[in-house]
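Going by the numbering used here, the sequence shown opens with residue 9, and the numbers climb by one from there. Right, one structure below, let's go through it.
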Amino acid sequence: MGFKIAFISTAIGLMAKNIETLDKALFVIPAFAAICLDFIIYSYSFSIKRIGCYTRDYIEPALKKHGKMPEEFTLWQNFLTEPKTRQNLAVYGNIGFTLLTVAVGIISLFYPFRPILSVAILITLIAFSIMDFFAYRSPAKLGKIWKDQEVKNYD
């Protein structure tokens with residue numbers, strides 16, 4: 009996510025510095041880049057959650073059964089489901105950053121407004137934004153990997 013912030017901010021800053029000589033519609037490029045980088049971030053997040061699911065469903069039950077741990081010992085995946093370990097600020101910040109970038113891209117399409125080109129790019133940008141939203145929301149539909157669960161007891 010740090011790369012996304014640095015790359016998009018730098019691109020917008022360099023474009024803004026030369027705003028008088030550039031076509032303002034070029035500001036949609038960082039918006040598309042932000043959305044594409046979101047897809048990469050979601051992919052990494054899914055991979056991490058898949059590892060956590062495997063740990064929760066296979067490794068931790070085996071450790072609990074054969075590891076001679078005290079009954080009150082909290083396993084990693086159970087620890088992560090506790091309210092004190094949750095935070096969503098990075099997700100909100102990432103989405104907010106993308107939305108701001110998309111807003112700049114949309115506004116730039118109206119200065120100057122070229123009916124065919126501006127509308128075509130606007131529709132494409134909105135479609136990508138909707139795909140980004142559904143990509144962000146889709147993990148909730150992927151089943152137990154994304155749900156907080158107690159570790160299974162295989163005794």
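Glycine included, each C-beta is placed from N, C-alpha and C at the ideal position.
Is it right to say residue i is buried, meaning 16 or more other beta carbons lie within 10 angstroms of its own, or is it exposed?
i    : result
K73  : exposed
K25  : exposed
A111 : exposed
I43  : buried
I129 : buried
Which partner residues of residue i appear in the DSSP bridge assignment?
i    : result
F118 : F121
Does the ligand ZN have even one heavy atom less than 8 Å from the beta-carbon of residue i?
i   : result
L22 : The model depicted lacks the ligand ZN and carries no ligand whatsoever.
What did DSSP end up calling residue i once you bin it into helix, strand or coil?
i    : result
G113 : helix
G75  : coil
D31  : coil
N96  : coil
T132 : helix
M9   : coil
Touch test, the segment 59 to 74 against the segment 93 to 108, Cβ-Cβ under 8 Å, three pairs minimum: Three or more beta-carbon pairs separated by less than 8 Å are not found between the segment 59 to 74 and the segment 93 to 108, which leaves the two stretches without contact.
Cβ contact check for the segment 19 to 39 and the segment 61 to 69: 3 or more pairs under 8 Å: They do not touch, by the three-pair rule.
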